[in-house]
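The structure under discussion appears below in the form of structure tokens.
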Amino acid sequence: MTEGTSVSVDPTLLDDLQWRGLLAHSTDLDVLREALTSSSVRFYVGFDPTAPSLHLGNLVQILTAKRLQDAGHTPFALVGGATGMIGDPRDSGERTLNDADTVAEWVGRVRAQIEPFLSFEGENAATMVNNLDWTAGLSTIDFLRDIGKHFPVNRMLARDTVKRRLEAGGISYTEFSYVLLQSMDFLALYRQHGVTLQFGGSDQWGNITGGAELIRRAEGGTAHAFATPLITKSDGTKYGKTEGGALWLDPSMMSPYAFFQFWLNVEDASVSEMLRIFTFLSRAEIEEIEATHAEKPFLRAGQKALAEHVTTLVHGAVETARIQAASAALFGGGDMADLAGDTLGAALGEAGAITVSAGEMPSIVDLFVETGLAASKGEARRAVKEGGAYLNNERVRDADFVPGPDDLVGGHWLVLRKGKKSFRGVEVS
RNA sequence: GGCAGGUUGCCCGAGCGGCCAAUGGGAGCGGACUGUAAAUCCGUCGGCUUUGCCUUCGAAGGUUCGAAUCCUUCACCUGCCA
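Structural data, given as structure tokens:
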């Protein structure tokens, strides 16, 4: 083993991870602690390119990797060009295979999303790896002899996801074999780079321990592992869904404004957990926020801190400041007409705005559709009928209403709102 | 390969010749109450040029004045038998 650089490690790391609730499962904790306090541990965490962007769940892993690196350990971030071609089995059924070009493109995008969070310099510099590098040239015979031989099918069948899939209608051999690939990754990184720790989401625990087991069987080596918890709401349902779907980190797939709003709307019961998992605020800072929140929940101090810190991590301080200003303007509760034109314009720009010419002003229903506030005219009409459509914070009653010059605020803006918190702007030229 | 059952709207699941754009539940959306929270209650929930029209009930044909509902073929899934 080529372990042990001169990097000094933070002995409180494991306690901090535990306090943050990041250890849902782990291999022997005392052994893990011993490893993490004695020297810089080379660890890996993998991301499969199953979409053009990573999402909220992946962010947990990215931030955890950074916590480990900050504590002196050495990251290997794996983007699965190979595993992404196969697909990790999930309860919702067989995945559709993506072609090689698509996967290759997504690998590039996912790498670019991870890189800003890690440091690629210094003694414990991070390394990006791709499992295509050690699988592309592997022959089927070698794979079956060297890897497959270590996997008893009865054990594979006993895995929860596989069991559920067998009951729910079956699983292809392709997805059934996924665990072999991910396990092989751990072994490959162990052999090539001396990686001895893997972590991932708790839904990956079976794959992770599969790797540790393979290292033991194939090399007689010891590997460590832990899993972060699945993020759920207080009612037990999965987090990470909002209006449209997943919470993407890519600003073109989810606007930073919408991302910020998601955090600002986190339910009280989850704020504490979220602050611990998704921010680098210290224990003292978080406990102070919790105290404030418990005392005066209506101030929403927890949600505000969460939204600010997480949005800053993902989209930067400049963008976050813009969004905060926009939110203050839109949710301020004051008369829209009192806002300065440029303030209003900037706010609506964050929330999402379109431009129309004064001579071709559409009806309120069409404006709702064009701004994306409603998915169809029927939905827009329904919003009006239900009293959920507002122009400049005043309820609109007539679906066919066409805004005129008197409705402009801030010089040349229309402020559309659906329900309590969905705003869009229309710039009239 | 044989036999039986299944494939319904975002999800689950009724319907079994007209009264079906299709019961019910969940999710979503809106309203009320709030703190841009939770819980609760109410409403809504295919599309449109909206008293009507169009497209949906695995796919393609067919029977019928008329089908998600009947028939034929195909695809996929499940179970039983080889």
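Heads up, the first sequence is in the working numbering, so the first residue is 1379 and it goes up one at a time.
Ideal placement from N, C-alpha and C gives every residue a C-beta, glycine not left out.
Identity of the residue in the options nearest residue i by Cα
| i | options | result |
| --- | --- | --- |
| Arg1445 | Ser1633, Thr1749, Leu1414 | Leu1414 |
| His1571 | Val1780, Ala1455, Arg1542 | Ala1455 |
| Arg1411 | Gly1435, Ile1440, Ala1449, Lys1541 | Ala1449 |
| Tyr1551 | Arg1661, Pro1467, Ala1590, Leu1516 | Pro1467 |
| Thr1733 | Ser1807, Val1747, Asp1778 | Ser1807 |
| Glu1501 | Thr1513, Gly1515, Pro1453, Leu1567 | Pro1453 |
| Gly1797 | Glu1666, Ala1758, Thr1442 | Ala1758 |
| Val1557 | Asn1436, His1693, Leu1535 | Leu1535 |
| Thr1610 | Ala1736, Val1438, Ser1417 | Val1438 |
| Asp1393 | Gln1491, Ile1440, Ser1660 | Ser1660 |
| Glu1666 | Thr1657, Glu1697, Gly1680 | Gly1680 |
| Leu1677 | Asp1646, Ala1695, Ser1630, Glu1748 | Asp1646 |
| Leu1441 | Thr1690, Gly1766, Asp1720 | Thr1690 |
| Phe1425 | Ser1416, Asn1436, Ser1417 | Asn1436 |
| Ser1417 | Val1385, His1433, Leu1395 | Val1385 |
| Asn1643 | Gly1737, Ala1718, Ser1800, Leu1401 | Ser1800 |
| Gly1694 | Asn1476, Ala1429, Pro1629 | Pro1629 |
| Asn1771 | Arg1795, Asp1784, His1433 | Arg1795 |
| Ala1851 | Leu1391, Asp1406, Ala1482, Phe1421 | The chain is shown from 1379 up to 1807; residue 1851 falls before or after that span and cannot be answered. |
Distance CB(residue i)-CB(residue j) smaller than 8 Å
| i | j | result |
| --- | --- | --- |
| Thr1539 | Asp1479 | no |
| Arg1489 | Met1463 | no |
| Pro1530 | Trp1484 | no |
| His1451 | Val1409 | no |
| Phe1640 | Leu1653 | no |
| Thr1574 | His1528 | no |
| Gly1711 | Gly1730 | no |
| Val1423 | Gly1548 | no |
| Gly1399 | Ile1701 | no |
| Val1793 | Val1774 | no |
| Asn1532 | Ser1561 | no |
| Asn1509 | Gly1459 | yes |
| Leu1708 | Ala1685 | no |
| Ser1404 | Phe1604 | yes |
| Leu1745 | Trp1791 | no |
| Met1714 | Val1780 | no |
| Leu1608 | Ser1580 | yes |
| Ala1704 | Glu1728 | yes |
| His1671 | Val1649 | yes |
Anticipated Cβ contact below 8 Å, residue i with residue j, distance rounded
| i | j | result |
| --- | --- | --- |
| Arg1487 | Ser1431 | 7 Å |
| Leu1769 | Ile1742 | 6 Å |
| Gly1788 | Gly1737 | Not a contact, Cβ separation roughly 20 Å. |
| Leu1627 | Val1692 | 6 Å |
Sheet register partners of residue i (DSSP bridge)
| i | result |
| --- | --- |
| His1403 | Ala1605 |
| Trp1583 | DSSP, once it has assigned bridges, lists no residue as partnering Trp1583. |
| Trp1626 | His1433 |
| Arg1795 | Tyr1768, Phe1801 |
| Tyr1422 | Phe1454, Gln1576 |
| Val1806 | Val1734 |
Closer than 7 Å: residue i CB and nearest the ligand MN heavy atom
| i | result |
| --- | --- |
| Val1419 | This structure does not include the ligand MN; it has no bound ligands of any sort. |
In chain order, what are the residue ranges of uninterrupted beta strand (DSSP E) at least 3 long that sit wholly in the segment 1730-1793? 1731-1734, 1767-1769, all fully within the segment 1730-1793.
Beta strand (DSSP E) runs contained entirely in the segment 1437-1488, provided each spans 3 or more residues: Qualifying beta strand (DSSP E) stretches, in chain order: 1452-1457.
Within the segment 1669-1702, ranges of the alpha helix (DSSP H) (whole runs, at least 4 residues): Restricted to the segment 1669-1702, the alpha helix (DSSP H) segments that are unbroken, complete and at least 4 residues in length are 1679-1693, listed in chain order.
Please give the ranges of any alpha helix (DSSP H) in the segment 1478-1557, keeping only runs that are unbroken, at least 4 residues long and fully inside the region. 1478-1492, 1510-1513, 1531-1536, 1538-1546, 1551-1554
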